[in-house]
Every structure is written in C-alpha cells, then in structure tokens.
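Residue numbers (our numbering), protein chains in the order written: chain X, 329 to 437; chain F, 329 to 437; chain C, 329 to 437. Using N, Cα and C, we set each Cβ at its ideal position, and we do this for glycine too. Only one structure is covered here, and it is reproduced in the block below.
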Amino acid sequence: MKMIIAIVQDQDANRLSQTLVKNKIQATKLSTTGGFLRSGNTTFMIGTEDEKVDSVLEIVKNSCKSRQQLVAPVSPMGGNADSYVPYPVEVEVGGATVFVLPIEQFHHF
Amino acid sequence: MKMIIAIVQDQDANRLSQTLVKNKIQATKLSTTGGFLRSGNTTFMIGTEDEKVDSVLEIVKNSCKSRQQLVAPVSPMGGNADSYVPYPVEVEVGGATVFVLPIEQFHHF
Amino acid sequence: MKMIIAIVQDQDANRLSQTLVKNKIQATKLSTTGGFLRSGNTTFMIGTEDEKVDSVLEIVKNSCKSRQQLVAPVSPMGGNADSYVPYPVEVEVGGATVFVLPIEQFHHF
Ligand code: NI
Ligand code: NI
Ligand code: NI
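Structure representation (structure tokens):
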C-alpha cells in the first residue's frame with residue numbers, strides 16, 4: 329500500500345473527485361491553503377495498492393496538470409483603468425504537487 | 329515512532345477523541361470529506377511510539393467499527409410517500425480507514 | 329525528499345508562513361484542532377529535499393518554540409473575582425510537534 333497526497337487547485341478538485349469516483353478509487357479531501365499561492369487548494373489523501381499507484385498518478389495528472397487558459401477581460405469597474413487589458417489574456421491555471429508515501433499497515437474497521 | 333492516520337465518521341469522532349484523551353494519547357484532528365460517502369468525516373493524526381501502535385489501533389476499532397444501527401422511521405413530510413418505511417430499519421454506521429506510516433524523525437520544540 | 333509535518337499554535341502560524349515564504353520553502357497549511365489543547369492549531373505540510381530538512385526544522389523551531397509570555401491581568405467582568413490575579417502572569421505559549429516522513433516519489437504536474 330502507498331499513500332498518495334495530491335495538492336491541487338480548487339478549480340480542478342471537482343473534476344479529480346469525479347474521475348476518482350468513476351474509477352472506484354477512494355479519496356479523503358482536505359481544504360488547505362498554499363504558501364506561495366494565496367488561493368485555496370484541496371489536498372487529496374488516497375490510499376492505494378502498489379500496482380495502482382501509476383494509474384492514480386495518471387488520473388491526477390490528467391485532471392489537474394498545469395495549462396494555459398484564456399481569461400476574458402474584466403471591465404475596470406471601480407478598478408485601475410490604467411492596468412485594464414481589453415482583450416483575453418493567457419494565464420497559467422491548474423497544476424498539482426504530488427507525494428507518494430510508504431504505508432506499513434492498512435486497516436478497515 | 330509511527331504516524332497513525334485514522335479517517336472516521338463524524339458521529340464517532342467525539343467518542344474517539346475522549347477515549348484518546350483518557351488514555352493520554354495526543355491526536356491532531358482534521359475536518360475532511362470522503363470520496364464515496366458524501367458525508368463529512370474526521371481524520372485523526374496520531375504520532376505514537378512503535379510499541380503503542382497496537383493499542384491505538386484497538387482504541388480506534390472499539391470507538392469506530394462499522395456496525396448496524398436501528399433508525400427510527402422519518403415521517404414523509406414533503407417527501408416521497410411511496411418510499412416511506414413505517415418501522416425502524418437497520419443501517420450500517422461507523423467504520424474507520426486506518427493507515428500506519430513510518431516516521432524518520434520526531435521533534436517537540 | 330522528505331515530508332515534514334509541523335503542528336503549531338495558531339498564534340505562531342503567521343510568523344512561520346512568512347519565514348517559509350522568505351526562504352522560498354513551499355508549504356501547504358491545514359486548519360486543525362488538538363487533542364489535549366482544545367484550542368485551534370495549524371498543520372504545515374512541507375515537502376523538502378533531504379539536505380534541507382535540518383534548515384526547515386531550524387525555521388520551525390525559531391518561529392514556534394515553546395516559551396514563557398507575560399499576560400496582562402484580565403478584569404474579572406462577570407467572572408470569578410476569587411481567582412482574579414491583579415498582576416501580569418507568565419504563561420507558556422507556542423510549541424510545535426514535528427514529524428519527518430520518508431517520501432518515495434515526488435511529482436509536479
Ligand atoms: Ni505497500
Ligand atoms: Ni519508529
Ligand atoms: Ni528522499
């Protein structure tokens with residue numbers, strides 16, 4: 329058994345949850361906050377058999393990997409008109425930090 | 329030292345907390361949500377000496393193990409009268425998922 | 329890689345966060361509650377290279393270590409006048425419980 333700890337952006341947490349459920353992989357979710365990124369994130373704890381580690385990592389990667397996204401311009405309501413960008417811009421969203429830890433015992437009571 | 333991570337149903341968390349305190353076992357609690365079960369659960373992180381692992385597992389088992397419970401019928405107020413069951417039914421409650429992880433260093437500052 | 333799990337008093341969490349950011353050490357924070365201490369605490373999960381473990385431990389120690397603090401007397405408003413102490417008293421504040429766990433794999437997607 330291994331414990332997979334995956335820290336993902338909040339916006340990707342739902343997609344990851346649903347994909348895990350669809351694949352019958354049990355996960356426990358924690359609401360967490362990051363150090364550099366001020367924004368909230370979600371941490372998944374997944375206990376899994378050794379031979380399924382790679383497929384869980386693949387699921388996390390596909391649901392959460394860092395990517396560019398076009399963001400629509402926001403009108404500068406009450407904001408700084410100088411910094412207003414009147415066209416969509418690409419920003420990096422998503423990304424996951426994943427740790428695989430050894431487990432010595434696993435029990436279900 | 330080992331780290332015991334026990335994920336238990338919210339309804340059993342208080343009983344487990346109290347039994348741990350009574351046995352002078354220090355635990356840190358996290359509010360978590362499950363994957364399959366939509367309901368909330370509580371995760372206990374317990375750092376413990378190797379020779380106490382078994383007794384902590386026994387405490388978790390006794391406080392949280394899966395069991396049948398009689399649930400009183402709920403009147404079908406605004407609900408589906410077709411699915412109304414007018415007598416108590418047995419449902420499975422409780423249960424715990426427990427991981428024991430190795431620890432390389434332990435410090436108290 | 330190692331996973332450092334540090335459970336610290338809420339009052340020290342901000343100082344620890346800021347020192348970690350200043351040292352470019354990425355951390356994920358969880359809001360937790362203790363077993364003995366009723367009060368809230370904050371748990372930091374820090375994934376770090378083996379050769380940086382000691383310096384992260386030093387940072388946690390310096391930000392959080394248990395110490396005496398003078399607490400101003402609180403007027404016994406609606407309280408128990410018998411137990412009122414009319415001068416500052418020293419109380420122990422802070423302290424951290426820290427675990428270092430082995431990591432088998434680390435990924436950033
Ligand atoms: Ni294994
Ligand atoms: Ni040990
Ligand atoms: Ni390593």
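6 Å CB neighbourhood of residue 429 of chain X in its chain, flanking five on each side removed: 331
Residue-level contact to chain F via CB, residue 431 of chain X, 8 Å cutoff: yes
Partner residues on chain C for residue 385 of chain F, Cβ-Cβ distance less than 9 Å: Under the 9 Å cutoff, chain C gives no residues; its nearest Cβ is about 17 Å from residue 385 of chain F.
Chain-ordered neighbours of residue 348 of chain F on chain X, where CB pairs are closer than 8 Å: Going along chain X, no residue has its Cβ under 8 Å from residue 348 of chain F, so there is no contact; the nearest lies around 15 Å.
Residue of X:382, X:422, X:393 minimising C-alpha distance to residue 432 of chain C: X:382
CB contact check: residue 345 of chain X to chain C, cutoff 8 Å: no
Where residue 424 of chain F meets chain X, residues with beta-carbon distance less than 9 Å: Think of a sphere of 9 Å around the beta carbon of residue 424 of chain F: the chain X residues whose beta carbon falls inside it are 435, 436, 437, in chain order.
Burial state of residue 350 of chain C (16 or more Cβ within 10 Å): exposed
At least 3 beta-carbon pairs within less than 8 Å: the stretch 414-429 of chain C vs the stretch 386-402 of chain C: Output reads yes: the stretch 386-402 of chain C touches the stretch 414-429 of chain C.
Proximity below 8 Å, CB of residue 401 of chain F to CB of residue 413 of chain F: yes
4-residue-minimum alpha helix (DSSP H) runs that sit fully inside the stretch 348-394 of chain X, ordered along the chain: 381-392
Beta carbon proximity, residue 394 of chain F to chain X, threshold 8 Å: Using a CB distance cut-off of 8 Å, residue 394 of chain F counts as an interface residue toward chain X.
DSSP three-state assignment for residue 341 of chain X, whether helix, strand or coil: Here residue 341 of chain X sits in helix by DSSP.
Distance, residue 372 of chain C Cα to residue 379 of chain C Cα: 19 Å
CB contact below 8 Å: residue 398 of chain F versus chain X: Nearest CB-CB separation between residue 398 of chain F and chain X: not below the 8 Å threshold.
Listed by chain order, chain F residues near residue 362 of chain C by CB distance under 7 Å: The contacting residues are 356.
Nearest neighbour of residue 344 of chain F, chosen from F:359, F:388, F:419, F:396 [CA to CA]: F:388
Buried/exposed call for residue 340 of chain F, threshold 16 Cβ in 10 Å: buried
Below-8 Å beta-carbon distance, residue 368 of chain C vs any chain X residue: In terms of beta-carbon proximity, residue 368 of chain C stays away from the interface with chain X, with every pair separated by 8 Å or more.
Cut-off 8 Å between Cβ atoms - residues of its own chain near residue 353 of chain X, not counting five sequence neighbours on either side: Correct list, in chain order: 374, 376, 380, 384, 387.
CA nearest to the CA of residue 338 of chain C, picked from C:348, C:437, C:329, C:362: Just measuring C-alpha positions, the residue of C:348, C:437, C:329, C:362 sitting nearest residue 338 of chain C is C:362.
Cut-off 6 Å between Cβ atoms - residues of its own chain near residue 417 of chain C, not counting five sequence neighbours on either side: 399
Cutoff 6 Å; reference residue 368 of chain C; Cβ partners in own chain excluding five residues on either side: Excluding residues within five positions, the ones whose Cβ falls inside 6 Å are 338, 361.
Min CB distance residue 352 of chain X to chain C below 8 Å: False, the Cβ-Cβ gap to chain C never drops below 8 Å.
Min CB distance residue 421 of chain F to chain X below 8 Å: no
C-beta neighbour in chain X for residue 335 of chain F, strict 8 Å: yes
Assigned exposure category for residue 419 of chain X - 16 Cβ within 10 Å defines buried: exposed
Contact set between the stretch 369-381 of chain X and chain C, restricted to residues whose Cβ is under 9 Å from the partner: 369, 371, 381
Residue 358 of chain X and residue 348 of chain C closer than 8 Å at C-beta: no
Chain-order list of residues whose beta-carbon lies under 6 Å from that of residue 355 of chain X (same chain, five-residue window excluded): 348, 372, 374
Within-8 Å CB hit, residue 388 of chain F to chain X: yes
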